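Here's the structure, in structure tokens; my notes come after.
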Amino acid sequence: MRACHNDLVRAWTVIVMLCACQKAPAAAGGSASADANVAPIADAAATAEIAETTQNADAATPPKTFAKVETDWCIDGLEALDEDACYVLPKLAEGKPRRLLVYLHGIVPPLPTSTQKHTVHTIVMQASTRAGAAAIVPRGRRGIGPSGAKDWYAWPTAPATHAQHAAAIIARWIELKKKVEERAGAPFERTYLAGSSNGAYFIAALSMRSDLDEGGFAVDGFGAMSGGSAAGKSAAALTGKTPRPYYVGFGTYDDETKVNAKSLVAVLTAAAWPLRVAEHAVGHGAKEIYLDEAFAFWDAQDVARPR
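Listed below in structure tokens is the structure:
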């Protein structure tokens, strides 16, 4: 560090001396043409020395490193962002905004390994990598799950638990987003919020409430996959909100989810939000096709509705 400081001081000394020489009047009997010939030589020498000093200073600054996080939440292929969150940061797509997906899982048992966790993490990792977008998979909360899985990791879908936990959860997403931006080297230009099953129901509720605006978490597009409903609300719930592209995907063989998803579709249609509805011949749960279609839809809306 001291050597780097000395290099910088030396470079600035050269600049000051050069400026002084150029501003000084020619000595009596001196040659103006001789001064003109000397100046370019001095300029070149100073420029070279400054460039060398800058390179030395850059070399003396080590790249930023991040502490390794130990957690059993992340499968192989996903990096641990924190004890309660994983992320994937592939090569970002060229010619598109810098995009970040925050994906909410369905209910997941509190075990180091589970089919539910592995399925969601794998789907997010592969779909985000194909899309050239970063992604975060935060972990839900325990103690708020549905009957029979109350102590599993889940998102608050009952009115009482939503009111109790939503603000803190959103604040946590903001913290996690900042951490990924540090690793990515720049802010993201688009942030998408999507999820499946229990996560999709929480997203649907957030999209029709004021929690996201009040929490300062701007969302550029939503995705409700194999879950989500209007929860008895009408298009009036979206009055005053900026319409955002909304992808709704569900399975032909997922009867209950299909009915609930169609109630959400009806509200979004009545409110004239940009909407893509997709039904696939699958059952319940997260699917790669949903995320692939959602990314394509969000991208298309970016072109159709430039910011």
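78 is the number of the first residue of the sequence shown in my numbering; add one for each residue after it. Each residue gets a CB set at the ideal place from its N, CA and C atoms; glycine is no exception. Keep in mind that this is a model prediction, so the values were computed, not measured.
Query - Which residues DSSP lists as bridging residue 330, in chain order - result: To locate residue 330, count along the sequence shown from 1; it is residue 253. Partner(s): none; residue 330 has no beta bridge.
Query - Inter-residue spacing [alpha-carbon to alpha-carbon] between residue 329 and residue 145 - result: Looking up residue 329 in the sequence shown gives position 252. Looking up residue 145 in the sequence shown gives position 68. Looking at the two C-alpha atoms, the distance is approximately 43 Å.
Report task. Would you kindly check if the distance between the Cβ of residue 274 and the Cβ of residue 303 is under 9 Å? Result -> Translated into the one-based positions of the sequence shown, residue 303 becomes position 226. Translated into the one-based positions of the sequence shown, residue 274 becomes position 197. Contact: yes.
**Report entry** Buried or exposed (CB count within 10 angstroms, at least 16 for buried), residue 254
**Finding:** As a first step, residue 254 must be located in the sequence shown, where it is residue number 177. Classification of residue 254: buried, given that the 10 Å Cβ count is 16 or more.
Query raised in the report: Just to confirm, are residue 181 and residue 217 a CB contact at a threshold of 9 Å?
Result: Your numbering for residue 181 matches position 104 in the sequence shown. Your numbering for residue 217 matches position 140 in the sequence shown. Yes. Within cutoff.
Query - Counted within 10 angstroms of its Cβ, other Cβ atoms place residue 260 as buried (16 or more) or exposed - result: Along the sequence shown, one-based indexing puts residue 260 at 183. It is exposed - the Cβ of residue 260 has fewer than 16 other Cβ atoms within 10 Å.
**Report entry** For residue 282, three-class secondary structure by DSSP
**Finding:** Counting from one through the sequence shown, the residue named residue 282 turns up at place 205. DSSP places residue 282 in helix when its eight states are reduced to three.
Report task. Would you mind working out which of 327, 377 and 318 sits nearest residue 366, comparing C-alpha positions? Result -> Stepping through the sequence shown from its first residue, residue 366 is reached at position 289. Of the candidates 327, 377 and 318, the one whose C-alpha sits nearest the C-alpha of residue 366 is 327.
Requested in this report: Return helix, strand or coil for residue 306, following the three-state DSSP convention.
Outcome: Here residue 306 corresponds to residue number 229 of the sequence shown, with the count starting at 1. If DSSP states are grouped into helix, strand and coil, residue 306 belongs with coil.
Query - Cβ pair residue 225, residue 167 closer than 9 Å - result: In the sequence shown, the residue the question calls residue 225 occupies position 148. In the sequence shown, the residue the question calls residue 167 occupies position 90. No; because the gap between Cβ atoms is not below 9 Å, this pair is not in contact.
Requested in this report: Starting from the C-beta of residue 278, find all residues in its chain whose C-beta is less than 7 Å away, skip the five residues before and the five after it, and write them out in chain order.
Outcome: Against the sequence shown, residue 278 aligns to sequence position 201. So the qualifying residues of the chain are 234, 304, 305 and 306.
Query raised in the report: What are the boundary residues of the beta strand (DSSP E) that includes residue 266?
Result: As a working note, residue 266 is residue 189 in the sequence shown. Element bounds for residue 266: n/a, residue is neither H nor E.
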